[in-house]
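Heads up: the structure comes next, in structure tokens.
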Amino acid sequence: MQLVFVPAGEFEMGADAEAGYAICQQESANCLIEDFSDEAPAHTVSLKEFWIYRTEVTNQVYRRCVEEGSCEMPAIPEFFQDELFSDHPVVYVDWYSAEAYCAWAGGRLPTEAEWEKAARGTDARSFPWGEKAKCGFGNYKGCSQGLTMPAGSFPAGASPYGALDMAGNAAEWVADWYSADYYHDSALQDPQGPYFGELRVARGGSWKNPITAVRTTNRTANLPQVYSSGVSFRCVLEIGQ
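Here my numbering runs 1127 ahead of the position in the sequence shown, where the first position is 1.
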């Protein structure tokens, strides 16, 4: 897997609830501002440098881990076993499978903060490519063929560090437990998320989701044993690994 480098330093994490609400109102009359409250408040976070996969892990790459006995086959292997989807992100994998793959590959799942910095850089942008939603920059509802696309299909949608598919295609498991209120008392240096929880965070939105869900600050969460046709992952490597 190709990697991109994210340098050490500060960035703005999260957003005021009004930001997501305003974008939601552009496409729907059923928006509630409280739906975006877990993104608030915006706050400055400092991270160590790290490397992150340029794209989501593909079926072809994940297959090697399965063949070596270190990873479980996707719960629904339809796409995994079809050579036509070999370069698509692996889906139908739960959080535990994502964690196992990253360990096998010599890395780990990104923290929520690492994922967000890799997606938005240091200028607090709403999407990896900037401020405006654009078809041709990502695979999401309204700009989707109704399925995942090969990893890296939207180079125009690259993040400031060159990471691809961080808005749409498949949402991505990250390491953190989920808490709607975590940003109110989050650590400001290399935050690791809550110490415990029931749900794990997934970021980035998928081909199924509207534009509000593929913003760089949008947070979703699922039980770690849940799997979906719209959830994949990527890994990080710390400097020195």
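All C-beta atoms, glycine included, are put in the ideal place defined by N, C-alpha and C.
Where residue i sits in the DSSP three-state scheme
| i | result |
| --- | --- |
| H1311 | helix |
| I1366 | coil |
| A1246 | helix |
| A1142 | coil |
| T1275 | coil |
| S1173 | strand |
| G1147 | helix |
| A1316 | Looking at the sequence itself, residue 1316 is Gln, so the reference to Ala does not match. The answer is strand: DSSP assigns Q1316 an E or B state. |
| Y1212 | Note on identity: in this sequence residue 1212 is Phe, with Tyr being the wrong assignment. F1212 falls in the helix class under three-state DSSP. |
| F1254 | strand |
Spatial neighbours of residue i in its chain, beta-carbon cut-off 7 Å, leaving aside the 5 residues before and after
| i | result |
| --- | --- |
| E1139 | A1169, T1171, A1251 |
| F1163 | A1144, G1147, Y1148 |
Run of the alpha helix (DSSP H) containing residue i, from where it starts to where it stops
| i | result |
| --- | --- |
| A1283 | Neither: A1283 is in no alpha helix (DSSP H) and is coded neither H nor E. |
| S1224 | 1222-1231 |
| A1135 | Unbroken run through A1135: none, as it is neither H nor E. |
Residue i - partner residues in DSSP beta bridges
| i | result |
| --- | --- |
| Y1180 | L1130 |
| R1235 | V1363 |
Contact belief for residue i with residue j at Cβ below 8 Å, rounded distance in angstroms
| i | j | result |
| --- | --- | --- |
| R1327 | A1294 | 20 Å between Cβ atoms; not a contact. |
| T1344 | A1149 | Their Cβ separation, rounded to whole angstroms, is 13 Å, which puts T1344 and A1149 out of contact at 8 Å. |
| K1244 | V1133 | 6 Å |
| P1351 | W1222 | 4 Å |
| Q1319 | T1238 | 6 Å |
| E1241 | F1177 | 6 Å |
Unbroken beta strand (DSSP E) run spanning residue i, endpoints
| i | result |
| --- | --- |
| N1349 | 1346-1349 |
| A1302 | 1298-1304 |
| V1328 | 1327-1330 |
| V1188 | V1188 -> not in any beta strand (DSSP E); alpha helix (DSSP H) instead, spanning 1186-1194. |
| V1358 | 1358-1360 |
Cβ neighbours of residue i in the same chain (closer than 8 Å, five flanking residues each side left out)
| i | result |
| --- | --- |
| A1285 | P1255, W1256, L1291 |
| P1321 | D1303, W1304, Y1305, S1306, Y1309 |
Same chain only: Cβ atoms within 6 Å of residue i, ignoring 5 sequence neighbours per side
| i | result |
| --- | --- |
| N1266 | M1276, G1295, N1296, W1334 |
| V1217 | V1184, N1186, Y1189, S1359 |
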